[in-house]
Amino acid sequence: MTLIAAPLLTCAVVGAGVALSGGGSRIVHLPTAAAADIAATTVRSAATSRSAARVSPPPLVTARLWSTGALDLRLAPSADAAVHGELPSLRRVGVTGLRRNGFVQVVVATKTYWVTADYLVTAKPTDPAHLPIIDKPCPGTSGVENGLKAGAILVYRAVCNNFPEITTYGGYAPRGEHAAGKAIDVMTSDVALGDRIAEFLQAHAAELNLFDIIWRQHIWTPVRASEGWRLMPSRGSETANHDNHVHVSTN
């Protein structure tokens, strides 16, 4: 029995790939097939780790537009969505083409946000801040100053000297903000021209001590400037909705 058992024991030990060395240390020598399996598993694990570590490709930009005012970068297309930073005025930004609820999706530093769509244009606008405030009467329309407070007169002069193409203004009237002599109406139905005038007034809102600007059924106020232009309910007519004039009032 001893002579037969010894070879069997030796075969079992060799088959398992285990050898005992002096001093009791155990050294495992894996068979070639098992070593290959572990090597393959290691390669697969390394490949999986590299794949998991890959950075997702940046959002696809379909066009680049210019901002006409400072805009909140919102995390969703809603006026109630959280804000994560601000897009400065006169900044070119990539857009993905997605539009929802009056917002457009933009790409800033490889991340997507939502901004008010009305404030993005294809051509770089003229910087209204470069236009000076000129405090002198304008021939032909100076009569509008009658009944106005000093602040409204300065606003009128700043506009009429920079935009001589405007030939009609509304001044004092027994209604609303006009009754206090603190507001003027800059009469124009030219959307591009009205936009430029509104941008000029926004750029100088602090110097002119503005209370609000209303244009094309939207209102902008310095105290809520970060929200941009806010849509107003329809009042039923072109004049009531300020589609034919830029309304501006002072504090």
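Numbering (my numbering), first residue to last: 1 to 251. Just so you know, even glycine gets a beta-carbon here, dropped at the ideal spot from N, CA and C.
Checking 9 Å against the spacing of the C-beta atoms, do residue i and residue j come in under that value?
i, j, result
"H204", "P137", "no"
"N253", "I134", "Shown here, the chain extends from 1 to 251; a query on residue 253 therefore has no answer."
"V144", "G171", "yes"
"H245", "T188", "yes"
"D80", "V115", "no"
"D195", "T112", "no"
"L210", "N146", "no"
"S89", "A117", "no"
Measure the C-alpha to C-alpha separation of residue i and residue j and round it to an integer number of angstroms.
i, j, result
"Q105", "S78", "11 Å"
"T221", "I214", "9 Å"
"G236", "T110", "43 Å"
"D190", "A76", "33 Å"
"V95", "V107", "6 Å"
"E86", "R92", "13 Å"
"I166", "M232", "25 Å"
"S234", "L98", "27 Å"
"K149", "A63", "46 Å"
"S25", "S56", "The predicted model places S25 with a pLDDT of 47, which falls under 50 and marks its position as unreliable, so this point remains unresolved."
"K124", "W66", "6 Å"
"I184", "V61", "42 Å"
"H178", "P59", "49 Å"
"V223", "A173", "26 Å"
"C160", "T122", "27 Å"
Taking its Cβ as the centre, do 16 or more other Cβ atoms sit within 10 Å of residue i, making it buried, or is it exposed?
i, result
"A82", "exposed"
"D212", "buried"
"V155", "buried"
"E199", "buried"
"S226", "exposed"
"V186", "buried"
"A206", "exposed"
What does residue i pair with, by DSSP beta-bridge criteria?
i, result
"R74", "V83, W114"
"M232", "M232 is not bridged to any residue."
"L169", "Sequence inspection shows Tyr at residue 169; the Leu mentioned does not correspond to that position. According to DSSP, which records beta bridges pairwise, Y169 is partnered with V186."
"V95", "A63, V106"
"I214", "I219, H247"
"V121", "W66"
"R100", "F103"
With a cut-off of 8 Å on the beta carbons, I'd call residue i and residue j a contact; round off their distance for me.
i, j, result
"Q202", "D243", "Not quite, the Cβ-Cβ distance comes to about 19 Å (not below 8 Å), so this is no contact."
"L208", "A158", "7 Å"
"T317", "Y119", "Past the boundaries of the shown model lies residue 317; the chain is included only from 1 to 251, so the question cannot be answered."
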